Each structure stands twice: as structure tokens, then as C-alpha cells.
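When we follow the UniProt record's numbering, the leftmost residue of the sequence shown carries the number 1, and every step to the right adds one.
Even for Gly, the Cβ is constructed at its ideal location relative to N, Cα and C.
These figures come from a predicted structure and were not determined experimentally.
Below is one structure, written out as C-alpha cells; comments come after it.
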Amino acid sequence: MYKDELEMLIKFLGEDLLKEENQKKLQELVLSKIKRKEDFQSTNELLKTLESYELRNFLYSKLLESYFSIFNIIYEKEILKYGDENYKVSIDNDTFESLVELLDESDINGEILFYLLSDDLKKRVEIIQQLISGRSKKEWNEEELKSFVKNLKPLTTKFLELLIEKGKLKSEEIMETLELKNKKSVSALVSAIIRNAPNDKEKLIFKDNEYICINEKYRNKIFEIMNKSKK
1 MYKDELEMLI
11 KFLGEDLLKE
21 ENQKKLQELV
31 LSKIKRKEDF
41 QSTNELLKTL
51 ESYELRNFLY
61 SKLLESYFSI
71 FNIIYEKEIL
81 KYGDENYKVS
91 IDNDTFESLV
101 ELLDESDING
111 EILFYLLSDD
121 LKKRVEIIQQ
131 LISGRSKKEW
141 NEEELKSFVK
151 NLKPLTTKFL
161 ELLIEKGKLK
171 SEEIMETLEL
181 KNKKSVSALV
191 SAIIRNAPND
201 KEKLIFKDNE
211 YICINEKYRN
221 KIFEIMNKSK
231 K
């Protein structure tokens with residue numbers, strides 16, 4: 001869908017897309033809305049066909065920015081930044097195709113992706129060990145999720161519902177929505193979710209830099225369970 005919109009903009013504006021005023025329109029109308037794997041793939045294929053080297057490189061750089069923003073990683077001029085750390089990276093179209101496939105992997109968050117792409121071998125090995133350890137965790141079945149949700153206290157349930165709705169939130173946003181006093185109250189809710197889950201099960205929520213995130217693998221199923229319990 002967004003690939004078609006971009007193709008139309010390229011057709012009518014061509015290299016005028018490089019102008020600052022048109023860059024803002026491009027970001028608002030197309031690039032900021034690309035979230036799905038299929039949209040990244042189709043847009044990447046479109047960019048490969050462009051004859052203008054300057055336009056192709058510019059749009060590809062913006063596409064990378066959109067991709068990494070999903071993981072709360074900043075990409076700008078071949079520099080990746082996550083928290084206080086940054087490094088230079090070169091990502092060609094073929095490598096990007098492989099990166100897009102990671103959108104299907106619930107185990108991949110910003111920290112993992114950032115260190116996987118770094119040239120710090122020690123960090124990369126640590127992340128691989130973390131991934132291997134995570135894979136040994138067992139999946140939740142529906143009955144286990146029902147029991148888990150049923151045993152949550154009212155405020156913890158509201159917290160989980162909020163994460164299900166938004167996908168990811170900063171602590172400040174959670175405090176404001178749930179009218180909590182401070183970040184310690186948010187940490188207590190996170191601990192309650194973790195404490196009520198068996199140690200051998202996959203994480204239902206996790207911390208990713210400044211955000212608290214729901215595990216997308218179970219998001220829809222928990223949403224369905226919570227809706228049914230209200231009826």
C-alpha cells in the first residue's frame with residue numbers, strides 16, 4: 001500500500017523529493033507509517049529500480065530510519081545509536097531484506113538488534129547466548145494464559161490491558177494513564193507480571209531501552225482472553 005503511494009510521489013516529484021519541504025511530506029505521508037514486514041519489502045524492491053543514485057540513496061536511508069525506529073534505535077547517516085552507545089554501520093539492500101525478516105521474531109528487541117549489528121565481538125556473543133537461553137523457554141498455551149490473567153489483581157490487570165492496547169509505553173505514560181505516584185509503582189506492576197508467571201515460560205512483557213513492551217507473540221491471545229472474561 002505505502003509502496004504505491006511512494007511510487008506516485010516519485011513519479012510526480014522525482015528528485016524534488018530531496019527538497020526539505022517535500023521531505024517532511026514524504027515522512028508524514030509514507031515513511032512514518034511503514035511498520036509491516038510486507039511494506040518494508042515492497043518499498044525496498046521499489047527503491048532498487050530507481051535510476052537516480054542520489055534519490056535512491058536518500059529514500060533508502062529514510063527507509064532504514066523507519067525500520068530501526070520500530071526498535072527504538074536511531075539511524076542517521078550510517079550511524080546507529082541506542083541509548084548512549086553508537087557505531088558506524090553499512091547496510092546494503094540484501095542485508096536489509098534479512099533484517100526485515102526479524103520483524104517476525106518476538107525475541108528480537110532494540111538491545112539485541114543493536115548489539116547483533118555491532119563490531120564488538122564480545123557483545124555479539126553475549127547477545128547470541130541470551131537468544132539461545134530465551135529459546136529454551138516454553139511457550140504459553142491458552143489455558144495457562146487464562147489462569148495467569150485470572151490471578152492478576154485489578155491494577156495489574158489494567159496495566160496489562162494498557163500494554164495490550166498500546167504495544168509499548170514509557171514509564172511516564174503508564175504513570176499518567178493509571179494515575180500512579182512514581183516510577184516505583186510502575187516497577188511494582190512489572191514485577192507483579194513477572195512474579196505471577198512461571199520461570200520456565202516465555203516473557204509476556206520486557207524492557208526495551210525506555211519502553212516497557214508486550215510480547216507481540218501473545219498480544220492478540222491475551223486481548224481475546226481479557227475480552228471474554230468481561231462478558
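Out of P198, L59 and I174, state which residue places its alpha-carbon closest to the alpha-carbon of F148. What you label residue 148 is simply residue 148 of the sequence shown in a count that begins at 1. Selected option, being the one with the closest Cα: P198.
I need the boundaries of the alpha helix (DSSP H) containing E165, first residue and last residue. Your numbering for residue 165 matches position 165 in the sequence shown. That run of the alpha helix (DSSP H) goes P154 to K166.
From D200 to Q27, what does the alpha carbon distance come to, in whole angstroms? Translated into the one-based positions of the sequence shown, residue 200 becomes position 200. Translated into the one-based positions of the sequence shown, residue 27 becomes position 27. If I take the Cα positions, the gap works out to 42 Å.
Nearest-angstrom Cα separation, counted from I128 out to K122: Counting from one through the sequence shown, the residue named residue 122 turns up at place 122. Counting from one through the sequence shown, the residue named residue 128 turns up at place 128. Computed Cα separation, rounded: 10 Å.
Pair within 9 Å by beta-carbon distance, F58 and L80: The residue labelled residue 58 in the question sits at position 58 within the sequence shown. The residue labelled residue 80 in the question sits at position 80 within the sequence shown. No, they are not a contact pair.
Confirm, please, whether the CB-CB distance from N22 to L13 is below 9 Å. Residue numbering aside, residue 13 sits at position 13 when the sequence shown is read from its first letter. Residue numbering aside, residue 22 sits at position 22 when the sequence shown is read from its first letter. Yes, they are a contact pair.
Out of curiosity, what's the CA-to-CA distance linking K48 and T95? Counted from its first residue, the sequence shown places residue 48 at position 48. Counted from its first residue, the sequence shown places residue 95 at position 95. Distance between the alpha carbons of K48 and T95: 13 Å.
Do D39 and G110 have their beta-carbon atoms positioned less than 9 Å apart in this structure? Position 110 of the sequence shown, counting from 1, holds the residue named residue 110. Position 39 of the sequence shown, counting from 1, holds the residue named residue 39. Not in contact: G110 and D39 (Cβ atoms no closer than 9 Å).
For S61, which option in K19, Y75 and L50 has the closest C-alpha, if you only look at C-alpha atoms? For the purposes of this step, residue 61 is identified with residue 61 of the sequence shown, where counting begins at 1. Comparing Cα-Cα distances from S61 to each of K19, Y75 and L50, the minimum goes to Y75.
Near E5, which residues of its chain fall below 6 Å by C-beta distance, leaving aside the five closest residues on each side in sequence? As a working mapping, residue 5 is identified with position 5 in the sequence shown. Excluding residues within five positions, the ones whose Cβ falls inside 6 Å are V30.
Alpha carbon to alpha carbon, what distance is there between E54 and D16? On the sequence shown, residue 16 is found 16 positions in, with the first residue counted as 1. On the sequence shown, residue 54 is found 54 positions in, with the first residue counted as 1. If I take the Cα positions, the gap works out to 11 Å.
Measure the C-alpha to C-alpha separation of K146 and K217 and round it to an integer number of angstroms. Position 146 of the sequence shown, counted from the start, is the residue given in the question as residue 146. Position 217 of the sequence shown, counted from the start, is the residue given in the question as residue 217. Distance between the alpha carbons of K146 and K217: 15 Å.
For N86, which residues in the same chain have their Cβ closer than 6 Å to its Cβ, ignoring the five residues on either side in sequence? The residue you call residue 86 lines up with position 86 of the sequence shown. Here the set comprises I79.
Identified DSSP bridge partners for F206: Here the question's residue 206 lines up with position 206 in the sequence shown. C213.
Which of helix, strand or coil does DSSP assign to N109? On the sequence shown, residue 109 is found 109 positions in, with the first residue counted as 1. Three-state result, N109: coil.
K170 - DSSP class collapsed to helix/strand/coil: In the sequence shown, counting from the first residue as 1, residue 170 sits at position 170. Residue state, collapsed to three classes: strand.
Could you check what DSSP says for N86 in three-state terms: helix, strand or coil? In the sequence shown, the residue the question calls residue 86 occupies position 86. Reduced to three states, the DSSP call for N86 is strand.
What residues match up with L80 in a beta bridge as DSSP calls it? Indexing the sequence shown from 1 puts residue 80 at position 80. In DSSP, L80 forms a bridge with Y75 and Y87.
8 Å contact criterion, which I108 and L102 should meet: CB distance rounded: Looking up residue 108 in the sequence shown gives position 108. Looking up residue 102 in the sequence shown gives position 102. I108 to L102, Cβ: 5 Å. Contact.
Do E210 and K150 count as a contact pair if the criterion is CB distance below 9 Å? By one-based count along the sequence shown, residue 150 stands at place 150. By one-based count along the sequence shown, residue 210 stands at place 210. Not in contact: K150 and E210 (Cβ atoms no closer than 9 Å).
State the Cα-Cα distance for the pair V125 and L178, rounded to the nearest angstrom. Reading the sequence shown from its first residue, position 125 is the one you call residue 125. Reading the sequence shown from its first residue, position 178 is the one you call residue 178. One C-alpha to the other measures close to 39 Å.
Taking the beta carbon of I193 as the centre, do at least 16 other beta carbons fall within 10 Å, making it buried, or is it exposed? As a position in the sequence shown, residue 193 is number 193, starting the count at 1. The residue is buried, with at least 16 neighbouring Cβ atoms inside 10 Å.
Going by CA-CA distance only, name the one from K24, K3, V186 and E139 that's closest to N215. Numbered from its first residue, the sequence shown carries residue 215 at position 215. Closest by alpha carbon: E139.
Segment limits, alpha helix (DSSP H) that includes V186: In the sequence shown, residue 186 corresponds to position 186, counting from 1. Note, V186: alpha helix (DSSP H), K183 to N196.
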